[in-house]
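Written below as structure tokens is the structure these notes are about.
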Amino acid sequence: DAGVIQSPRHEVTEMGQEVTLRCKPISGHNSLFWYRQTMMRGLELLIYFNNNVPIDDSGMPEDRFSAKMPNASFSTLKIQPSEPRDSAVYFCASSVGGIRNTIYFGEGSWLTVV
Amino acid sequence: RKEVEQDPGPFNVPEGATVAFNCTYSNSASQSFFWYRQDCRKEPKLLMSVYSSGNEDGRFTAQLNRASQYISLLIRDSKLSDSATYLCVVNTANQGGKLIFGQGTELSVKP
Numbered sequence: 516d517a518g519v520i521q522s523p524r525h526e527v528t529e530m531g532q533e534v535t536l537r538c539k540p541i542s543g544h545n546s547l548f549w550y551r552q553t554m555m556r557g558l559e560l561l562i563y564f565n566n567n568v569p570i571d572d573s574g575m576p577e578d579r580f581s582a583k584m585p586n587a588s589f590s591t592l593k594i595q596p597s598e599p600r601d602s603a604v605y606f607c608a609s610s611v612g613g614i615r616n617t618i619y620f621g622e623g624s625w626l627t628v629v
Numbered sequence: 307r308k309e310v311e312q313d314p315g316p317f318n319v320p321e322g323a324t325v326a327f328n329c330t331y332s333n334s335a336s337q338s339f340f341w342y343r344q345d346c347r348k349e350p351k352l353l354m355s356v357y358s359s360g361n362e363d364g365r366f367t368a369q370l371n372r373a374s375q376y377i378s379l380l381i382r383d384s385k386l387s388d389s390a391t392y393l394c395v396v397n398t399a400n401q402g403g404k405l406i407f408g409q410g411t412e413l414s415v416k417p
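Residue numbers (the working numbering), protein chains in the order written: chain A, 516 to 629; chain B, 307 to 417.
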């Protein structure tokens, strides 16, 4: 069975450019999460969706970040304009939902902004 | 105060050693608890859930103390392949079910 699929796996971009990260959750999962991981701050929840609806975006760092989930099988995280401090690994994860949900992570998108 | 706090690492232990990781959480309404494992440059993966009565999976034992808001993970007879970062994870119902991860504790098992 396919797991959570993320693209691109690696991206190097120049400061000021727009970055779009993509995620396909596991089929049948109705919760989707975007996390960011850095050495300094660890794994931070940016935003999560239940049934395609954003539930909590309090972790989104600032207006430069936006996330969408137009349907149950696709989500994007966009950074515009990108800055060097956005360099991190961005993980997408999904779960079936519920209090005892186990979430499954994609392999991550490694972003470097120079 | 962070919502989930873990022992600072790294832990460097010889093969065969027993090692314990601790984790505290701040929200008393938290209801579900997990340990995830993350290998270098890989995504986190579920190691085990933590149940109120404590639970064991082979060499791994997880304990929960709700009164003290404390979770632990014990690894017995550690193997080289146990080297990884161990993440304590808490799910709080009154926050819409979002999972909060601790900073992680790095374990290095040496021959």
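Positions of the beta carbon are idealized from the N, C-alpha and C atoms, including for glycine.
All values derive from a computational prediction rather than experimental measurement.
Task: Distance CB(I377/B)-CB(V325/B) smaller than 8 Å - done: Position 71 of the second sequence, counted from the first residue, corresponds to residue 377/B. Position 19 of the second sequence, counted from the first residue, corresponds to residue 325/B. Contact flag unset, no.
- [ ] Take the Cβ of K416/B as the centre, count every other Cβ of all protein chains shown within 10 Å, and call the residue buried at 16 or more, exposed below.
- [x] Against the second sequence, residue 416/B aligns to sequence position 110. So K416/B ends up on the exposed side.
Open item on the list: If I measure Cβ to Cβ from M575/A and keep anything under 6 Å in the same chain, skipping five residues before and after, which residues do I get?
Closed with: Numbered from 1 along the first sequence, position 60 holds the residue referred to as residue 575/A. Excluding positions up to five away in sequence, the list reads L561, I562.
TODO: State the Cα-Cα distance for the pair V629/A and Q312/B, rounded to the nearest angstrom.
DONE: Looking up residue 629/A in the first sequence gives position 114. Looking up residue 312/B in the second sequence gives position 6. If you take the alpha carbons of V629/A and Q312/B, they lie about 32 Å apart.
Task: Beta-carbon contacts of K593/A that lie in its chain and below 6 Å, excluding the five residues immediately before and after - done: Residue mapping note: residue 593/A aligns to position 78 of the first sequence, counting from 1. Excluding positions up to five away in sequence, the list reads T535, S581.
Open item on the list: Please report the distance separating the alpha-carbon of K308/B from that of Q552/A.
Closed with: For the purposes of this step, residue 308/B is taken as residue 2 along the second sequence, with counting starting at 1. For the purposes of this step, residue 552/A is taken as residue 37 along the first sequence, with counting starting at 1. If you take the alpha carbons of K308/B and Q552/A, they lie about 16 Å apart.
TODO: Go ahead and pull the three-state DSSP assignment for D388/B.
DONE: As a first step, residue 388/B must be located in the second sequence, where it is residue number 82. Helix, per DSSP.
Open item on the list: List, in chain order, every chain A residue whose beta-carbon is nearer than 7 Å to that of E349/B.
Closed with: Within the second sequence, numbered from 1, the residue matching residue 349/B stands at position 43. Those are F606, F620, G621, E622, G623, listed as they occur along chain A.
TODO: Sort out for me which residues DSSP pairs I520/A with in a bridge.
DONE: Counting from one through the first sequence, the residue named residue 520/A turns up at place 5. Paired residues: K539/A.
TODO: With DSSP as the reference, label R343/B as helix, strand or coil.
DONE: Translated into the one-based positions of the second sequence, residue 343/B becomes position 37. In this structure, R343/B counts as strand in the three-state DSSP scheme.
Task: Three or more C-beta pairs below 8 Å linking the region 331 to 338 of chain B and the region 314 to 321 of chain B - done: no
Task: Test: G410/B CB closer than 8 Å to a CB of chain A - done: As a working note, residue 410/B is residue 104 in the second sequence. It does: the Cβ of G410/B has a partner Cβ on chain A nearer than 8 Å.
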